[in-house]
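Engineer: A single structure is presented below for examination.
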Amino acid sequence: MFFKKSPKPVESTRVVIIGAGLVGATSAYAIMLRGIASEIVLIDIDKNKCAGEVLDLQHGISFLSPAKVWAGSYADCRDADVIVITAGLKQKEGQARLELAVANSKIVAEITHKIIKYTSEAIILMVTNPLDVLTYVAYRASGLPANQVFGTGTALDSSRFRYLLAQSLGVAAESVGAYLIGEHGDSSVPVYSHANIMGGKLAVFPKYNKQAVQAAYRQTKNAAYDLICKKGATYYAIALAVARIVRAILYNENHIFPVSVYLSGQYGISDVYLSLPAVVNRRGVKEILNIELSALEKKQLHQSAKVIRAAIDSIKI
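Right under this line is the structure:
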């Protein structure tokens, strides 16, 4: 199950969210709604907007498990367990995520330098796009170990893929085991070789249809563009992904997610962030899983890494 009701924290836990826009504010709401953290701090350059979002959240606390929510400053990072970065220019209609790289890399580097003034202990979770490029920027700017800096990656893409597969197969989404790896973007890789329905291979499921499965991936890849065209932004589903990953960190769950991690030789790829299944706990990324991929999947993963590497090189870190 993607979400379970969170037990009350046994100690004070602080989540700092940098960026009080739609994604940041909705992530704070999702974390508060599930009772995941005892303290939630929002930081934004637009202090009035940030104060308004916080006030709205505070007004709902009496309906939920008690939590302290406030508009803070970077000094509040000092006692943070997890710092979520959502700040940056948002993706426009028809714009590829990688087109945001130059502008948002400067924003993320500045934010990371401010964070490091106050803590070297917190886990940094990147959400801002282009996700993989900016996770790399934060990693280099922070000087922290790679396990402490990672991104939501293809956790959301994989959730979309499972939902769309479930719709085409007539089963519940939680019964579908399928995920994407590589870039959180256009070069993502569907891992068909491991796709399953409750442990049974997808290809032998009675309602399996190759064309429908391929269509589900195309819809997954285009989902963000479609949503931005229809409503201007995506924020509900990514906020749920953020909350679920934050819970895995705070509660030391050793939960496996496809998240954006630093590669140092896996599949012959190094010095780049991209999504692979990884064990997430209080240390951040405990372990990157070395799953067996088909020859085509390996080729596509290498191509995805080249796309991300080219984007990193273009911003001249």
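Okay, so the sequence shown: first residue is 1 according to this note's numbering, each after it adds one. Using N, Cα and C, we set each Cβ at its ideal position, and we do this for glycine too.
Looking only at its chain, what residues have a beta carbon closer than 7 Å to the beta carbon of R282, apart from the 5 residues adjacent to it on each side?
Structural biologist: Translated into the one-based positions of the sequence shown, residue 282 becomes position 282. Taken in chain order, the residues that qualify are I249, N252.
Engineer: Between the region 140–159 and the region 255–273, do at least 3 Cβ pairs fall closer than 8 Å?
Structural biologist: yes
Engineer: How big is the Cα-Cα spacing for S175 and S159?
Structural biologist: Mapped onto the sequence shown, residue 175 falls at position 175. Mapped onto the sequence shown, residue 159 falls at position 159. Near 12 Å, if we compare the C-alpha coordinates of S159 and S175.
Engineer: I'd like the list of long-range same chain contacts for K5, defined as Cβ closer than 6 Å, with 5 residues on each side in sequence excluded.
Structural biologist: If you number the sequence shown from 1, residue 5 lands on position 5. Legend: pLDDT at K5 = 49, less than 50; position of this residue unreliable, value from coordinates given subsequently. Within the same chain, K5 has no close Cβ partners at all.
Engineer: Under the rule that 16 or more other beta-carbon atoms within 10 Å means buried, what is V102, buried or exposed?
Structural biologist: The residue given as residue 102 occupies position 102 in the sequence shown. Exposed, by the Cβ-count rule.
Engineer: Looking at the structure shown, is N196 part of a helix, part of a strand, or coil, going by DSSP?
Structural biologist: Along the sequence shown, read from residue 1 onward, the residue named residue 196 stands at position 196. N196 falls in the strand class under three-state DSSP.
Engineer: Classify A20: buried if its beta carbon has 16 or more other beta carbons within 10 angstroms, exposed otherwise.
Structural biologist: Numbered from its first residue, the sequence shown carries residue 20 at position 20. Counting Cβ neighbours within 10 Å, A20 comes out buried, since at least 16 surround it.
Engineer: Taking 8 Å as the CB-CB cut-off, is I238 touching chain D?
Structural biologist: Here there is only one protein chain, and chain D is not present.
Engineer: Take S294 and list the residues in its own chain whose beta-carbon comes closer than 6 Å to its own, dropping the five residues that flank it on each side.
Structural biologist: As a working note, residue 294 is residue 294 in the sequence shown. Counting only Cβ-Cβ distances below 6 Å, and skipping sequence neighbours, we find S193.
Engineer: Is the beta carbon of G143 less than 8 Å from the beta carbon of L125?
Structural biologist: Taking the sequence shown and counting its residues from 1, one reaches residue 143 at position 143. Taking the sequence shown and counting its residues from 1, one reaches residue 125 at position 125. No, Cβ-Cβ distance for G143 and L125 is not below 8 Å.
Engineer: Do S27 and I43 have their C-beta atoms closer together than 8 Å?
Structural biologist: As a position in the sequence shown, residue 27 is number 27, starting the count at 1. As a position in the sequence shown, residue 43 is number 43, starting the count at 1. The answer is no: Cβ separation not under 8 Å.
Engineer: Which whole-angstrom value describes the C-beta separation of Q95 and G284, a residue pair presumed to lie in contact below a C-beta threshold of 8 Å?
Structural biologist: Stepping through the sequence shown from its first residue, residue 95 is reached at position 95. Stepping through the sequence shown from its first residue, residue 284 is reached at position 284. Contact flag wrong, Cβ pair sits at about 30 Å.
Engineer: Looking only at its own chain, which residues have a Cβ that is under 8 Å from the Cβ of Y139, when we skip the five neighbours before and after it?
Structural biologist: For the purposes of this step, residue 139 is identified with residue 139 of the sequence shown, where counting begins at 1. Once the five neighbours on either side are set aside, the close Cβ partners of Y139 are A146, V149, Y262, Y273.
Engineer: Using the Cβ count rule (16 or more neighbours within 10 Å means buried), how would you classify R218?
Structural biologist: Here the question's residue 218 lines up with position 218 in the sequence shown. Residue environment analysis places R218 among the exposed positions, since fewer than 16 neighbouring C-beta atoms fall within 10 angstroms of its C-beta.
Engineer: In its own chain, which residues sit with a C-beta less than 7 Å from the C-beta of A335, not counting the 5 before and 5 after it?
Structural biologist: Since the displayed the chain opens at 1 and closes at 317, residue 335 lies outside it and no answer follows.
Engineer: Determine which residues share a DSSP beta bridge with N281 and list them.
Structural biologist: For the purposes of this step, residue 281 is taken as residue 281 along the sequence shown, with counting starting at 1. Answer by DSSP bridge pairing, in chain order: G284.
Engineer: Given this structure, state the Cα-to-Cα distance separating T234 from A223, to the nearest angstrom.
Structural biologist: Translated into the one-based positions of the sequence shown, residue 234 becomes position 234. Translated into the one-based positions of the sequence shown, residue 223 becomes position 223. Looking at the two C-alpha atoms, the distance is approximately 9 Å.
Engineer: To which residues does DSSP link P258 through a beta bridge?
Structural biologist: As a working mapping, residue 258 is identified with position 258 in the sequence shown. Looking at the DSSP assignment, P258 forms a beta bridge with P277.
Engineer: Using the C-alpha atoms, what's the distance from A71 back to K49?
Structural biologist: Locating residue 49 in the sequence shown gives position 49, counting from the first residue. Locating residue 71 in the sequence shown gives position 71, counting from the first residue. Roughly 10 Å between the two C-alpha positions.
Engineer: Would you grab the beta carbon distance between S168 and L180 for me? Rounded to a whole angstrom, and I think it's under 8 Å.
Structural biologist: Residue mapping note: residue 168 aligns to position 168 of the sequence shown, counting from 1. Residue mapping note: residue 180 aligns to position 180 of the sequence shown, counting from 1. Contact doesn't hold; Cβ gap of about 16 Å is too wide.
Engineer: Does the Cβ-Cβ distance between I115 and Y74 come in under 8 Å?
Structural biologist: In the sequence shown, counting from the first residue as 1, residue 115 sits at position 115. In the sequence shown, counting from the first residue as 1, residue 74 sits at position 74. Their beta carbons are under 8 Å apart, which means I115 touches Y74 by this criterion.
Engineer: Alpha carbon to alpha carbon, how far is A239 from V84?
Structural biologist: Numbered from its first residue, the sequence shown carries residue 239 at position 239. Numbered from its first residue, the sequence shown carries residue 84 at position 84. The C-alpha of A239 lies about 11 Å from the C-alpha of V84.
Engineer: Just to confirm, are V54 and R14 a CB contact at a threshold of 8 Å?
Structural biologist: Position 54 of the sequence shown, counted from the first residue, corresponds to residue 54. Position 14 of the sequence shown, counted from the first residue, corresponds to residue 14. Taking 8 Å as the Cβ cut-off, V54 and R14 do not qualify as a contacting pair.
Engineer: In terms of DSSP beta bridges, what is S264 paired with?
Structural biologist: Within the sequence shown, numbered from 1, the residue matching residue 264 stands at position 264. DSSP lists S270 as partners of S264.
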